[in-house]
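See below for the structure under consideration.
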Amino acid sequence: MGFLFSAFGSQALGASWSFEENTVPARMQFAEEEWALLEDKKRMNGPFDCKSDSELYFGIYERRYPEFEKAVPDRRERLQLWQIEAIATYPYPLFSCVVRDWSSALLRRYWTSNFGGFFYCGRWSRPAISPAEKRFQAAVEWGLPYVETMRSDMLFHFLTVAKVNAVRLNADVEYFLRTALRQSGDFHADWPVGHLLPELSEERIAELDAAIARRDLDFVLEATPSCPAPPLKDGSALRDL
1 MGFLFSAFGS QALGASWSFE ENTVPARMQF AEEEWALLED KKRMNGPFDC
51 KSDSELYFGI YERRYPEFEK AVPDRRERLQ LWQIEAIATY PYPLFSCVVR
101 DWSSALLRRY WTSNFGGFFY CGRWSRPAIS PAEKRFQAAV EWGLPYVETM
151 RSDMLFHFLT VAKVNAVRLN ADVEYFLRTA LRQSGDFHAD WPVGHLLPEL
201 SEERIAELDA AIARRDLDFV LEATPSCPAP PLKDGSALRD L
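1 is the number of the first residue of the sequence shown in full-length UniProt numbering; add one for each residue after it.
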């Protein structure tokens with residue numbers, strides 16, 4: 001999977017195609033021949049295989065809506081747009097590999113990268129200048145639309161990305177992710193936030209709790225403060241991941 005286009009590019013592409021008018025079908029809405037494709041896939045790959053499932057469900061959608069290809073000619077871009085919509089339609093763990101692979105690639109490639117003051121804290125510390133910085137920015141932003149679906153596995157992998165040296169989440173962003181994960185009950189961890197509270201006002205905590213209740217990560221990212229000067233990073237706050 002290539003991280004070649006940013007979240008903002010995906011949103012712009014999405015303007016040319018309406019998923020409200022061309023809905024992603026729930027499995028109970030599949031036609032008989034679509035169910036037959038699923039059964040064939042199970043016989044070949046087993047009952048659950050994330051990558052082949054993603055391709056199969058995407059193929060079902062494209063057969064239903066052949067005009068999707070005309071609206072968004074680039075297949076990778078169509079696949080990302082569809083996946084973001086499908087994540088909100090189909091239950092966990094379908095397509096969990098999409099963001100898992102994204103976070104794994106970031107950890108593998110950028111674990112110790114240092115861009116001289118360029119880092120992500122919920123926003124960017126400064127504009128990207130070098131080609132390496134621009135590639136890193138595109139790689140991070142590629143996954144954000146998936147995270148904004150608020151599915152717990154997507155939040156988990158976003159928080160995991162904070163182990164990367166050039167990702168230093170602001171306290172309000174990390175509080176949002178940890179609290180939303182704790183409330184989901186989907187992962188066996190306490191998700192403590194005590195180490196973050198000294199950095200957050202009571203008013204901001206109330207805003208974050210309200211954003212969690214309405215599943216609004218966009219609000220948090222838009223309102224998070226400017227990135228602070230980067231401290232030495234020991235990863236201690238993320239050892240429970």
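Ideal placement from N, C-alpha and C gives every residue a C-beta, glycine not left out.
Can you give, in chain order, each stretch of the alpha helix (DSSP H) that sits fully within the segment 18-99 and has at least 4 residues?
32-45, 50-64, 67-71, 75-89
Trp35 to Phe95 span [Cα, whole Å]:
In the sequence shown, counting from the first residue as 1, residue 35 sits at position 35. In the sequence shown, counting from the first residue as 1, residue 95 sits at position 95. Taking the straight line joining both Cα atoms gives about 18 angstroms.
Answer yes or no: do Ser130 and Gly117 have a C-beta to C-beta separation smaller than 8 angstroms?
Within the sequence shown, residue 130 is the residue found at index 130, counting from 1. Within the sequence shown, residue 117 is the residue found at index 117, counting from 1. Here Ser130 is not near Gly117, since their CB atoms are 8 angstroms or more apart.
Let me check one thing: in DSSP terms, what residues is Val220 bridge-paired to?
As a working mapping, residue 220 is identified with position 220 in the sequence shown. Residue pairing from DSSP leaves Val220 without any beta-bridge partner.
Sufficient close CB pairs (3 or more, under 8 angstroms) joining the segment 130-150 to the segment 168-176:
no
So, with DSSP's three-state summary, where would you put Val167?
Walking along the sequence shown from the start, residue 167 turns up at place 167. Note: Val167 maps to strand in three-state DSSP.
Look up Trp124 in the DSSP assignment and give the residues it is bridged to.
By 1-based counting over the sequence shown, the position of residue 124 is 124. Tyr120.
For Ala213, which of helix, strand or coil comes out of DSSP?
Along the sequence shown, one-based indexing puts residue 213 at 213. Ala213 falls in the helix class under three-state DSSP.
For the alpha helix (DSSP H) holding His195, just list the boundary residues, first then last.
Sequence index remark: in the sequence shown, residue 195 carries index 195 (1-based). Note, His195: premise wrong, no alpha helix (DSSP H); not H, not E.
Helix, strand or coil at Gly143 according to DSSP, with G and I counted as helix
For the purposes of this step, residue 143 is identified with residue 143 of the sequence shown, where counting begins at 1. Gly143 falls in the helix class under three-state DSSP.
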